[in-house]
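Accompanying notes for the structure given below.
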């Protein structure tokens, strides 16, 4: 099935102006899915001087690849992706018991139809960026605030400039300025103390007291040391008490992506000055000092390391206020333990762009479109947010003894069942139904008045 990126929506009328705040994978995938529609004028506002992703890998599930095929990107991603090996085409990860000096062992092999596909983040971002006309991209546009009326939104940027649009989509990441404004608008009119507390707790992200230590290892370097190392072909998760490491090939098997995750024993909150110190390779060596030989080999191949504090959001009571909504990490930043962040952002973009291209959509009905998107995608994301957090505890053997490892595999499978059970295309159909109901309800309300 191929979803065309054009429609006859609003033919003959002024284009609907959509502003996208943030040029990451979520923002640019949405821009790509909208920009071929002549009845939609999409503009991307990026705070930095150019589109850029961190030098790290990411993985996507078959459900995300299906969307990329449906929007015409199969050839593009096929040239960039690292697919599962032919002899293990359904493999997601090998989960290893690794926190001991002797050789570890695989305690669970996660199988998913279609397996797990990996990318270099920058390559996937560039795939979308090249498809969006440069005239629609505006750089050094850091959003300060916005104001909305019944029929438009005005954006105010740090450089003193302004822009107007019919709808604003906040794709500006975990520290989203759009999210803060959406929630503060809701706080203005919320009188219930418990609801006000809930909204306030969602304003800022929470540090999980988990750090991600990232590095890229040239495949040639690893093969020179260990030609048959399992990470050269199969994604590995090395598990142990209070920490784990995720390792898999990317960039057409030319690089190995290494992500070590360790959880600090103190409580969650905001990360303090200690974590502003520069990371060092020695820190990672100490973390995994007594772990299995396969992991030690990987550590010898690492020359540089970066440390990223992992933040997450509490589930938001709403993503949408009037003509403004959120997408990707701005809406549902989560722990990375289900390999779901980028895929969820692309799924957000797919559903929202399909709604916006619908023939019933006009400037007047945009709030109904955003409400329908919110209703369907928010529930989906909350399920994955919870599963991602719980998988982190599983990987760290929380509450389990060594003789109970056989119980972990079924738990991992249960908390990643959503990969196969949720259909993003069916979700679009559900969202269209909600959108139509909202539009008709609004029409009836207008006629009654």
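In UniProt numbering, the protein residues as written are 1 to 449. Ideal placement from N, C-alpha and C gives every residue a C-beta, glycine not left out.
Is the separation between the beta-carbon of residue 166 and that of residue 40 shorter than 7 Å? Counting from one through the chain shown, the residue named residue 166 turns up at place 166. Counting from one through the chain shown, the residue named residue 40 turns up at place 40. Taking 7 Å as the Cβ cut-off, residue 166 and residue 40 do not qualify as a contacting pair.
Measuring straight from C-alpha to C-alpha, what distance separates residue 394 and residue 14? What you label residue 394 is simply residue 394 of the chain shown in a count that begins at 1. What you label residue 14 is simply residue 14 of the chain shown in a count that begins at 1. Residue 394 and residue 14: Cα-Cα distance of roughly 53 Å.
Selected residue, minimal CA-CA separation from residue 306, among 155, 412, 216: Residue mapping note: residue 306 aligns to position 306 of the chain shown, counting from 1. Looking at the Cα atoms, 216 is the closest of the given residues.
Any heavy atom of the ligand COA closer than 6 Å to the CB of residue 197? With respect to the ligand COA, the structure offers nothing, as it holds no ligand at all.
Applying the criterion that 16 or more other CB atoms from any shown protein chain within 10 Å of the CB defines a buried residue, is residue 450 buried or exposed? Absent from the model: residue 450. The displayed extent of the chain is 1 to 449, so no value can be given.
From the DSSP output, read off the bridge partner residues of residue 108. As a first step, residue 108 must be located in the chain shown, where it is residue number 108. Answer by DSSP bridge pairing, in chain order: 95.
Excluding sequence positions up to five away, which residues of its chain have a Cβ less than 8 Å from the Cβ of residue 273? Your numbering for residue 273 matches position 273 in the chain shown. The pLDDT assigned to residue 273 is 47, lower than 50, so where the model puts this residue is not dependable; a value taken from the coordinates is nonetheless given after this. Result list for residue 273: empty, nothing under 8 Å.
Expressed to the nearest angstrom, what Euclidean distance is found between the alpha-carbon atoms of residue 430 and residue 60? To locate residue 430, count along the chain shown from 1; it is residue 430. To locate residue 60, count along the chain shown from 1; it is residue 60. If you take the alpha carbons of residue 430 and residue 60, they lie about 23 Å apart.
If we require 4 or more residues per run, which alpha helix (DSSP H) segments fall completely within the segment 316 to 368? Here the runs fully enclosed are 329 to 332, 341 to 356.
Just tell me which of 432, 67, 114, 315 has its CA closest to the CA of residue 200. Residue numbering aside, residue 200 sits at position 200 when the chain shown is read from its first letter. With distances taken between Cα atoms, residue 200 lies closest to 315.
Looking at the structure shown, is residue 213 part of a helix, part of a strand, or coil, going by DSSP? Within the chain shown, residue 213 is the residue found at index 213, counting from 1. Here residue 213 sits in strand by DSSP.
With three or more C-beta pairs closer than 8 Å as the rule, is the segment 322 to 339 touching the segment 397 to 413? Contact between the segment 397 to 413 and the segment 322 to 339 is absent, because fewer than three Cβ pairs lie under 8 Å.
Determine the contact status of residue 56 and residue 214, defining contact as a CB-CB distance below 7 Å. As a position in the chain shown, residue 56 is number 56, starting the count at 1. As a position in the chain shown, residue 214 is number 214, starting the count at 1. In this structure, the beta-carbon distance from residue 56 to residue 214 falls below 7 Å.
Does DSSP put residue 422 in a helix, in a strand, or in coil? Indexing the chain shown from 1 puts residue 422 at position 422. Here residue 422 sits in coil by DSSP.
Helix, strand or coil: how does DSSP classify residue 294 here? As a first step, residue 294 is located in the chain shown; it is residue number 294 there, counting from the start. Looking at residue 294 - three-state DSSP - the assignment turns out to be helix.
Inter-residue Cα distance where the pair is residue 77 and residue 318: In the chain shown, counting from the first residue as 1, residue 77 sits at position 77. In the chain shown, counting from the first residue as 1, residue 318 sits at position 318. CA-CA distance, residue 77 to residue 318, rounds to 33 Å.
Spatial neighbours of residue 229 within its chain, please: C-beta separation below 7 Å, excluding the five flanking residues on both sides. Sequence index remark: in the chain shown, residue 229 carries index 229 (1-based). Excluding residues within five positions, the ones whose Cβ falls inside 7 Å are 222, 294, 297.
Taking 7 Å as the threshold (C-beta atoms), are residue 382 and residue 104 in contact? Residue mapping note: residue 104 aligns to position 104 of the chain shown, counting from 1. Residue mapping note: residue 382 aligns to position 382 of the chain shown, counting from 1. The answer is no: Cβ separation not under 7 Å.
Grab me the residues of residue 35's own chain with a C-beta within less than 6 Å of its C-beta, minus the 5 sequence neighbours each way, in chain order. Here residue 35 is taken as the residue at index 35 of the chain shown, counted from 1. Same-chain partners within the cutoff: 42, 132.
Start and end of the alpha helix (DSSP H) containing residue 89? Here the question's residue 89 lines up with position 89 in the chain shown. Run containing residue 89: none; DSSP gives neither H nor E here.
Quick one: grab the DSSP three-state call for residue 257. Position 257 of the chain shown holds residue 257. Note: residue 257 maps to strand in three-state DSSP.
Three-way DSSP call (helix, strand, coil) for residue 283 in this model: Along the chain shown, one-based indexing puts residue 283 at 283. In this structure, residue 283 counts as helix in the three-state DSSP scheme.
Note down the Cα distance separating residue 441 from residue 253, rounded to an integer number of angstroms. The sequence position of residue 441 within the chain shown is 441, counting from 1. The sequence position of residue 253 within the chain shown is 253, counting from 1. Inter-residue distance for residue 441 and residue 253 is about 53 Å (C-alpha atoms, whole angstroms).
I'd like the span of the beta strand (DSSP E) that includes residue 533, first residue to last. Because the chain is modelled from 1 through 449, residue 533 falls outside the range shown and cannot be assessed.
Limits of the alpha helix (DSSP H) - the one that residue 200 falls within: Within the chain shown, residue 200 is the residue found at index 200, counting from 1. Element bounds for residue 200: 193 to 201.
If you draw a straight line from the C-alpha of residue 451 to the C-alpha of residue 27, how long is it? Coverage of the chain is limited to positions 1 through 449, which leaves residue 451 absent and any answer about it impossible.
Using a Cβ distance threshold of 8 Å, determine whether the segment 328 to 347 contacts the segment 369 to 389, with at least three qualifying pairs required. The segment 328 to 347 vs the segment 369 to 389: in contact.
My guess is that residue 361 and residue 352 are in contact by the Cβ rule of under 8 Å, so how many angstroms apart are they, rounded? For the purposes of this step, residue 361 is taken as residue 361 along the chain shown, with counting starting at 1. For the purposes of this step, residue 352 is taken as residue 352 along the chain shown, with counting starting at 1. Between the beta-carbon of residue 361 and that of residue 352 there is about 11 Å, and that puts the pair past the 8 Å contact cut.
Exposed or buried, which one is residue 130 when buried takes at least 16 other CB atoms within 10 Å? Position 130 of the chain shown holds residue 130. With fewer than 16 other Cβ atoms within 10 Å, it is exposed.
Give the range of the beta strand (DSSP E) segment to which residue 118 is assigned. Counted from its first residue, the chain shown places residue 118 at position 118. For residue 118, the enclosing beta strand (DSSP E) has its first and last residue at 117 to 120.
Starting from the C-beta of residue 369, find all residues in its chain whose C-beta is less than 7 Å away, skip the five residues before and the five after it, and write them out in chain order. One-based indexing of the chain shown puts residue 369 at position 369. If we look at residue 369 and ignore the five residues flanking it on each side, its Cβ neighbours are 355, 356, 361, 435.
Does DSSP classify residue 17 as helix, strand or coil? Working through the chain shown from its first residue, we reach residue 17 at position 17. Here residue 17 sits in strand by DSSP.
At a cut of 8 Å, does the segment 133 to 152 reach the segment 162 to 178 through at least three beta carbon pairs? Three or more beta-carbon pairs drawn from the segment 133 to 152 and the segment 162 to 178 are found closer than 8 Å, and the two stretches are therefore classed as touching.
Anyone know if the C-beta pair for residue 256 and residue 287 falls short of 7 Å? Translated into positions along the chain shown, residue 256 becomes position 256. Translated into positions along the chain shown, residue 287 becomes position 287. No, they are not a contact pair.
For residue 241, which residues in the same chain have their Cβ closer than 8 Å to its Cβ, ignoring the five residues on either side in sequence? For the purposes of this step, residue 241 is identified with residue 241 of the chain shown, where counting begins at 1. These residues qualify, in order along the chain: 99, 396, 397.
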